[in-house]
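Report on the structure given below.
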Amino acid sequence: MSESSLMVTCPDCGGDGKETCHNPDHGLIGALGFHDIGRIGCPCCGHDERHKVKNGGVCDTCAGEKQVTEEVARQFCQDLDYDFEHVMGMLA
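In terms of UniProt numbering, the sequence shown opens at residue 1 and continues consecutively.
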């Protein structure tokens with residue numbers, strides 16, 4: 001089996017196959033708890049601690065399959081400037 005065909009847990013959805021919000025303002029929104037935006041939460045995922053989109057569809061990266069090839073996982077992490085080894089360690 002070649003390394004590129006090795007299947008790993010999808011780093012986007014964490015293996016649940018559901019759409020995940022990638023709003024870069026999550027930290028700012030959380031810090032503004034005293035303001036309306038902090039009270040309301042993220043416009044996409046509200047206050048969901050796993051940032052799952054309410055009434056969202058399937059994961060864009062794995063199409064709901066919960067796994068992707070290692071190559072796809074590495075590209076996802078690179079695109080979002082995530083450390084691949086750290087992300088995979090968190091999902092193990």
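Cβ coordinates follow ideal geometry from the N, Cα and C atoms, glycine included.
| query | result |
| --- | --- |
| Start-to-end residues for the beta strand (DSSP E) that takes in Val8 | Met7 to Thr9 |
| Own chain, CB closer than 7 Å to Gly15, minus 5 neighbours either side, in chain order | Thr9, Lys66 and Leu91 |
| Touching by the beta-carbon criterion (3+ pairs, under 8 Å), the stretch 12-30 and the stretch 52-66 | yes |
| Cβ neighbour criterion (16 or more within 10 Å) applied to Ile29 | buried |
| Test item: CB-CB of Thr69 and Leu6 under 8 Å | yes |
| Rounded separation between Glu71 and Phe34 - CA only | 42 Å |
| Where the beta strand (DSSP E) containing Val68 begins and where it ends | Gln67 to Thr69 |
| Cβ-Cβ distance between Cys44 and Cys59 below 8 Å | no |
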